[in-house]
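Here my numbering is used: the first residue of the sequence shown is 931, the next is one more, and so on.
Glycine included, every Cβ here is placed at the ideal spot set by N, Cα and C.
Computed from a prediction, not measured in an experiment: that's the story for all the values here.
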Amino acid sequence: MNKVSLGLGVVCLGLLSAKGFAQEAPFNNLLLLSPQIISPSQTYQVTKAGRFEGYLGLLNGKIKPKGTANGGDTDVTGTDVGIDAYYAVNPMATVGVKLDYANGKASSLKNDSTEITPSVAVNLTEIFALGVSAHLVSGSADLPGGRNENTSFNYYTLGATMHQGLWEATLAFSSKNKDDNKPQNSIAQSWGLHGRYKLMPNLALGLSLYQKDNSALSSGTAHAKDETGFGLHLESQFTDVFAGEFAFLSSADVDGASGDNGAEFLALGSWKVTPNMNLGARLSYATTSSNIADTTALRAGVFVSTIF
């Protein structure tokens, strides 16, 4: 029995149970956008009947060639749209679905992608949750020479979260998809680890680590490096109606390319406009440096989160 099958079996037991361990969650994040959400098991945070979130964002970036690379700078623009919904079937189990759509344009080349992610999470005890999700990815991309490539593949995530009062710890594993005939349909297996602790009731610090096993996708004489990264996180409830989340994310050997390093600064601000609705904004700035080019990307957007 593989890991995904085992996870689905345990989850089904939770769905059939009428008893549960629902309690006020020690942490409450925007599940759609927070970089601290790495596993479907973290939807244990949905302690009310349900939750809906939506996001609309814009991308503005630039690619700056290095050395003997031909041509000047290339502007990059794009749009991000995301929605998700979660429902507590009973005090023990939560089901949900997330939809992400993104498009981009660099020079005359366009691309788009859509990812649909259904998920199930079960509170097995008062402090332990298990979750599993499927990722259904599709899209298309223009290539130089007038060609266009379509993308279509699936992968899965299994994760576990322990949480108690002042702390939370999460481990997640995502499967790979390898397609030698269509490399654009390949994705590396990965694992992630995240932990956080409340230094005081309104302030928490967190650390996250991850690795993508790009080397397992290598073929022939091409050998990709494993991408690794870490994140430093801070979240605070500044007032009764305003909360913020901040992160610094760093990555090495991005997408398996040796020496390609990335960094991102991200901020989320959320205002409680009614007892059951939050409005907020997201701002991030990311850079990637390689021997070929330097890339910058500024993302800004707004979101809404409601409970019902």
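Suppose the cutoff is 6 Å on Cβ atoms and the five residues either side in sequence are ignored; what does the same chain contact list for residue i look like?
{"i": "Ala1216", "result": "Glu1194 and Ala1227"}
{"i": "Ile1046", "result": "Leu1029 and Leu1066"}
{"i": "Phe1176", "result": "Leu1164 and Ala1197"}
{"i": "Leu1133", "result": "Ser1166"}
{"i": "Lys1035", "result": "Thr1007"}
{"i": "Phe1172", "result": "Trp1201"}
{"i": "Phe1233", "result": "Tyr985 and Gly1210"}
Taking the alpha carbon of residue i as the point to measure from, which residue in the options has its own alpha carbon closest?
{"i": "Phe1058", "options": "His1093, Thr1218, Ser1082 and Ser1104", "result": "His1093"}
{"i": "Gly1189", "options": "Ala1177, Ile1222 and Pro1205", "result": "Ile1222"}
{"i": "Asn1053", "options": "Thr977, Ala1154, Gly1231 and Val1232", "result": "Thr977"}
{"i": "Tyr1140", "options": "Pro1131, Gly987 and Gly1125", "result": "Gly1125"}
{"i": "Ser1063", "options": "Ala1071, Asp1072, Ser1049 and Glu1056", "result": "Ser1049"}
{"i": "Gly1174", "options": "Pro956, Gly1199 and Asp1183", "result": "Gly1199"}
{"i": "Leu1179", "options": "Leu986, Thr1087 and Ser1138", "result": "Ser1138"}
{"i": "Pro1021", "options": "Asn958, Thr1091, Ala1051 and Phe957", "result": "Ala1051"}
{"i": "Leu1135", "options": "Gly1161, Asn1115, Asp1110 and Asp1156", "result": "Gly1161"}
{"i": "Pro1205", "options": "Ala1211, Ser1220 and Ile1237", "result": "Ile1237"}
Can you look up residue i in the DSSP assignment and give me helix, strand or coil?
{"i": "Ser1105", "result": "coil"}
{"i": "Ser971", "result": "helix"}
{"i": "Ala1187", "result": "coil"}
{"i": "Gln1094", "result": "strand"}
{"i": "Ser1220", "result": "coil"}
{"i": "Gln1114", "result": "helix"}
{"i": "Ala1173", "result": "strand"}
{"i": "Ala952", "result": "Residue confidence is low: Ala952 scores 49 on pLDDT, short of 50, so the model does not pin down where it sits. No coordinate-derived value is stated."}
{"i": "Thr1151", "result": "With a pLDDT of only 47 at Thr1151, under 50, the local geometry of the prediction cannot be trusted, and no value is derived from it."}
{"i": "Asn1080", "result": "strand"}
Output needed for residue i: all residues of its chain with C-beta closer than 7 Å, excluding positions within five of it in sequence on either side, in chain order.
{"i": "Ala1118", "result": "Lys1106, Lys1142, Asp1143, Asn1144, Ala1146 and Leu1147"}
Give me the Cβ distance between residue i and residue j, rounded to the nearest whole Å; I'm assuming they're in contact under 8 Å.
{"i": "Ser1235", "j": "Asn1208", "result": "5 Å"}
{"i": "Thr1009", "j": "Leu989", "result": "7 Å"}
{"i": "Val1025", "j": "Asp1014", "result": "Not really, about 12 Å apart at Cβ, beyond 8 Å."}
{"i": "Lys1155", "j": "Asp1109", "result": "Contact doesn't hold; Cβ gap of about 20 Å is too wide."}
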